[in-house]
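From first to last, the protein sequence lines are chains A and B. So in this note's numbering, spot 257 of the first sequence is number 257, and the numbers just go up one at a time. So in this note's numbering, spot 17 of the second sequence is number 423, and the numbers just go up one at a time. Quick reminder that beta carbons are idealized off the backbone N, C-alpha and C, glycines included. Quick caveat: nothing in here was measured; it's all calculated off a predicted structure.
Protein chains: 2
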Amino acid sequence: MSAESRDLRQSRRAHAMQASPIRRLVPLADEAKKRGTAVYHLNIGQPDIATPAEIMEAVRGFKDEVLAYGPSQGILPLRQEIRNYFHNLGHELTVDDILVTTAGSEAIIFALMAIGDPGDEVLVPEPFYTNYNGFATMADMKVVPVPTHAAEGFACPTREEFLKRITSKTRAIMYCSPNNPTGAVFARKDVEMLGALCAEKGLWLLADEVYREFAYDGAVAHSCLELRDHKDRVIMMDSVSKRFSACGARVGCLVSRNRELMHTMLKFGQARLCPPTIEQVGAAAGYRHIESFIKSMIPEYQKRRDIVCEELAKIPGAVFKKPAGAFYIMPQLPIDDANRFAAWMLTDFQHEKATTMVAPGDGFYATAGKGKHEVRIAYVLKEADLRKAIQILAKGIEAYNAAHKK
Amino acid sequence: MSAESRDLRQSRRAHAMQASPIRRLVPLADEAKKRGTAVYHLNIGQPDIATPAEIMEAVRGFKDEVLAYGPSQGILPLRQEIRNYFHNLGHELTVDDILVTTAGSEAIIFALMAIGDPGDEVLVPEPFYTNYNGFATMADMKVVPVPTHAAEGFACPTREEFLKRITSKTRAIMYCSPNNPTGAVFARKDVEMLGALCAEKGLWLLADEVYREFAYDGAVAHSCLELRDHKDRVIMMDSVSKRFSACGARVGCLVSRNRELMHTMLKFGQARLCPPTIEQVGAAAGYRHIESFIKSMIPEYQKRRDIVCEELAKIPGAVFKKPAGAFYIMPQLPIDDANRFAAWMLTDFQHEKATTMVAPGDGFYATAGKGKHEVRIAYVLKEADLRKAIQILAKGIEAYNAAHKK
Numbered sequence: 001m002s003a004e005s006r007d008l009r010q011s012r013r014a015h016a017m018q019a020s021p022i023r024r025l026v027p028l029a030d031e032a033k034k035r036g037t038a039v040y041h042l043n044i045g046q047p048d049i050a051t052p053a054e055i056m057e058a059v060r061g062f063k064d065e066v067l068a069y070g071p072s073q074g075i076l077p078l079r080q081e082i083r084n085y086f087h088n089l090g091h092e093l094t095v096d097d098i099l100v101t102t103a104g105s106e107a108i109i110f111a112l113m114a115i116g117d118p119g120d121e122v123l124v125p126e127p128f129y130t131n132y133n134g135f136a137t138m139a140d141m142k143v144v145p146v147p148t149h150a151a152e153g154f155a156c157p158t159r160e161e162f163l164k165r166i167t168s169k170t171r172a173i174m175y176c177s178p179n180n181p182t183g184a185v186f187a188r189k190d191v192e193m194l195g196a197l198c199a200e201k202g203l204w205l206l207a208d209e210v211y212r213e214f215a216y217d218g219a220v221a222h223s224c225l226e227l228r229d230h231k232d233r234v235i236m237m238d239s240v241s242k243r244f245s246a247c248g249a250r251v252g253c254l255v256s257r258n259r260e261l262m263h264t265m266l267k268f269g270q271a272r273l274c275p276p277t278i279e280q281v282g283a284a285a286g287y288r289h290i291e292s293f294i295k296s297m298i299p300e301y302q303k304r305r306d307i308v309c310e311e312l313a314k315i316p317g318a319v320f321k322k323p324a325g326a327f328y329i330m331p332q333l334p335i336d337d338a339n340r341f342a343a344w345m346l347t348d349f350q351h352e353k354a355t356t357m358v359a360p361g362d363g364f365y366a367t368a369g370k371g372k373h374e375v376r377i378a379y380v381l382k383e384a385d386l387r388k389a390i391q392i393l394a395k396g397i398e399a400y401n402a403a404h405k406k
Numbered sequence: 407m408s409a410e411s412r413d414l415r416q417s418r419r420a421h422a423m424q425a426s427p428i429r430r431l432v433p434l435a436d437e438a439k440k441r442g443t444a445v446y447h448l449n450i451g452q453p454d455i456a457t458p459a460e461i462m463e464a465v466r467g468f469k470d471e472v473l474a475y476g477p478s479q480g481i482l483p484l485r486q487e488i489r490n491y492f493h494n495l496g497h498e499l500t501v502d503d504i505l506v507t508t509a510g511s512e513a514i515i516f517a518l519m520a521i522g523d524p525g526d527e528v529l530v531p532e533p534f535y536t537n538y539n540g541f542a543t544m545a546d547m548k549v550v551p552v553p554t555h556a557a558e559g560f561a562c563p564t565r566e567e568f569l570k571r572i573t574s575k576t577r578a579i580m581y582c583s584p585n586n587p588t589g590a591v592f593a594r595k596d597v598e599m600l601g602a603l604c605a606e607k608g609l610w611l612l613a614d615e616v617y618r619e620f621a622y623d624g625a626v627a628h629s630c631l632e633l634r635d636h637k638d639r640v641i642m643m644d645s646v647s648k649r650f651s652a653c654g655a656r657v658g659c660l661v662s663r664n665r666e667l668m669h670t671m672l673k674f675g676q677a678r679l680c681p682p683t684i685e686q687v688g689a690a691a692g693y694r695h696i697e698s699f700i701k702s703m704i705p706e707y708q709k710r711r712d713i714v715c716e717e718l719a720k721i722p723g724a725v726f727k728k729p730a731g732a733f734y735i736m737p738q739l740p741i742d743d744a745n746r747f748a749a750w751m752l753t754d755f756q757h758e759k760a761t762t763m764v765a766p767g768d769g770f771y772a773t774a775g776k777g778k779h780e781v782r783i784a785y786v787l788k789e790a791d792l793r794k795a796i797q798i799l800a801k802g803i804e805a806y807n808a809a810h811k812k
């Protein structure tokens, strides 16, 4: 920065923003690729599964002469398809309960801003989707972590664990099930406990359900929409990114039966005018053809999960439980510092001209010092690649520990 | 709301958000249409000009199997095209000076959040693009208006007018030129005055230049990027919405030569992952073919501006100056309350089964009581429609005043 501008000050929230633990190592990966090293990306939840052809066809079929603003609440055909989708899941909604957002990210930002002011707190089971921190920082709010544990498969914390962290500043409990980054699926009794606790304490309940379909071995991901007794305090945040393997579409939604709240969130929506039009047309087509797609995709992910667990089990000292959902697993690994290890895998290691990129665990914790020995693995690659990626990870751990014992 | 949830409290910022003055009358327009009344939409800057065929072709040509996350800073081909576009305008940038955002809306939100904390203030010439208020509210910051006047063609306020409103809480001056909602184009000396004032007072300078090409009668819209002496304090916010008649694309960008600031803004970008992928591909194609499109579009808008001014001049008591840019005009009209009038035009008036929708002026002011007799007109319709729409507006004013004199 030039002398002329030493007076310039960025905001406190700018300084408080963390660089994405999922993306901050990307420059190192780029350099590895330049050196000719292939990188298996297990760091980011970017599936390799083809987006449904119906979505792509709908995009190509977009024939409007003017690529115009859509309604702030989202285009009606998409809201109708989302309503139908939830109807088929047993949840009766009207289109007015649905606000289309620019991906799940915007849904979370709008929800936080609608219910909290600077300094307010939101309880979140930890580890949690790292960007919750970023969104809370943008809203000048604070994520208060409620611990879950690798050895317990990151099961939902008990009522007491939440209760003892509720203060006069607490505005909501926010959770994600099936969970990113742990793969845990909360039981129905967990969701009911959270609803009852929020009712008792006058809190909002925010549920991130973007991995709804990703539940294995017959597990069911219960929705916050089942909490009919607490319907006014429930805000659900959703996205087509994972469901349709369409992360680049940036189409999500907020669902709530609380009309006053929906009215508020629409005001945020009006300020940013509308979500992207063409991608909404694509998403609507996706919902029209969801059944067959999900039917083939979920067994594929279940198989991948099994492969990852099988290969991780071969790593001496790795600690994990087989997760029931999403497409992540967060093993504890025999490494001194997951951050250093993940970077080293990109800068100093290769096996047969390939390496594996993982997301360091600490970025998924708000509690300092936690996650130091954990990494998040997204099992988003094809069977053979995935197996190879974990095997390379195993070799990397060995080499890393050998190199750092000297 | 049910008795069970009386304890639920929305945030102060939720209550502070204003409903969009551009969009809040939409339900009344919908009802009018249901009654069979055609509505000329002069309320929203949604051009009727066809989006360049090259953009639509690029969208249809999107052949990736997976609609994947893009980079948080935007896809490289688009950033390169934006760099080339600015090169052709005489501004040398690198792709690292460019962060693609989900429309201009997100660019403004990121810029505000990067430079301000709750309670901080931003000086903005008034009237201003109404959503600045919304974005500031989301960031818990405050827009401090600096008045401009219809009789002076809403020219840039003097240095003194800004100076006397700078407090210890002031973090930036934000302006829009060519201006939405007034159509004013700031002179080079205005932009230089703002740069010098910001340097003197240690402020950031935020410039919304989404209407850059929309300058008439040979006027030139000077860019904040010309302020090379103050390059570290300048943040430019841009969008393809108007330039390519592609408002639904939701593709914009932030431009700054301040690397530390770009690093911060990228952290906000990483939190929301990426802008929509397909629409970025379309936007890149737009920039590759911008010249011929702009060459045909700008004379069309100049003609429309002339028609609007010609027809407005026939309304007794209308006060305005012919604006030099953008595609808006903000006349003062002989009506007691622009809000009541705009609603009445939709609920109680029609002329030959048609009516005209305008945006009430007060929504573009932060100062209470201002804009009561002004409306914003977006001249985004074809010649014949536009003339008819203003003629209907004139008849509406007459009928409204007759009805309300009783």
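- Taking 8 Å as the upper bound for CB-CB distance, M547(B) and I515(B) are not in contact here, some 11 Å apart.
- With respect to the 9 Å criterion, I704(B) and L448(B) are not classified as neighbours on the basis of their beta carbons.
- Remark: C-beta atoms of R243(A) and R212(A) approach each other more closely than 9 Å.
- Scanning its chain for C-beta atoms nearer than 8 Å, with the 5 sequence neighbours on each side dropped, one finds around Y785(B) the residues L448, Y707, R710, R711, I713, V714, F733, Y734, I735 and L792, in chain order.
- Around L434(B), the same chain offers A749, L752 and T753 as residues with beta carbons nearer than 7 Å, after the five sequence neighbours per side are excluded.
- V616(B) is positioned such that its CB atom lies closer than 9 Å to that of C582(B).
- Listed by position along chain A, the residues whose Cβ is nearer than 9 Å to that of T753(B) form an empty set, because the closest Cβ is around 20 Å away.
- A direct Cα-to-Cα measurement between T761(B) and T102(A) gives close to 33 Å.
- C253(A) has V100(A) and D238(A) as its beta-bridge partners, per DSSP.
- When DSSP states are grouped into helix, strand and coil, R376(A) belongs to the strand group.
- Between Q416(B) and chain A, the shortest Cβ-Cβ separation is below 9 Å.
- Listed in chain order, the alpha helix (DSSP H) runs fully inside the segment 567-615 of chain B are 594-607, counting runs of at least 4 residues.
- Closest in C-alpha terms to F214(A), from the list E226(A), G183(A), L203(A) and L206(A), comes G183(A).
- Under a criterion of Cβ atoms nearer than 8 Å, the residues of chain A adjacent to A474(B) are, in order, Q46, C247 and G248.
- Its chain contains no residue whose beta carbon lies nearer than 6 Å to that of N84(A) once the 5 sequence neighbours on both sides are disregarded.
- Between G74(A) and the set Q280(A), L225(A) and I55(A), the nearest pair of CA atoms involves Q280(A).
- In terms of CA proximity to M642(B), V597(B) leads the group E527(B), S651(B), L484(B) and V597(B).
- At a cut-off of 9 Å between beta carbons, Q424(B) contacts chain A.
- Minimum Cα-Cα distance from K720(B) among the listed residues I803(B), T670(B) and I684(B) corresponds to I803(B).
- Contact check for W204(A) and A172(A): beta-carbon distance about 4 Å, within the 8 Å limit, so the pair qualifies.
- The beta carbon of T367(A) sits closer than 6 Å to those of P145, all from its chain and outside the five residues before and after it, given in chain order.
- Not a single CB atom of chain B sits nearer than 9 Å to the CB of G371(A).
- The Cβ-Cβ distance between K439(B) and G559(B) does not fall below 9 Å.
- If you look at H263(A), you'll find it isn't in any beta strand (DSSP E); it sits in the alpha helix (DSSP H) that goes R259 to A271.
- In this model, D120(A) and T264(A) are separated by some 18 Å (Cα to Cα).
- Ranked by Cα distance from L603(B), the options P458(B), E566(B) and A690(B) are led by E566(B).
- Taking C-beta atoms as the reference points, G286(A) and A246(A) count as a pair closer than 9 Å.
- According to the DSSP assignment, V26(A) belongs to the alpha helix (DSSP H) that extends over V26 to K34.
- The C-beta distance from E81(A) to R288(A) rounds to 6 Å, short enough to meet the 8 Å contact threshold.
- Secondary-structure assignment with DSSP links M547(B) through no beta bridge to anything.
- Residues are counted here when their Cβ sits less than 7 Å from a Cβ of chain A; for the segment 537-549 of chain B these are N537, G540, F541, M544 and D546, given in chain order.
- Listed along chain B is no residue with a C-beta nearer than 7 Å to that of M174(A); the closest approach is about 15 Å.
- Collapsing the DSSP output to three states places L225(A) in a helix.
- Counted as a single uninterrupted DSSP element, the alpha helix (DSSP H) harbouring P77(A) occupies residues L76 to N88.
- Judged by DSSP secondary structure, A38(A) falls outside any alpha helix (DSSP H) and instead within the beta strand (DSSP E) spanning A38 to H41.
- The three-state reading of DSSP puts H289(A) in coil, since its state is none of H, G, I, E or B.
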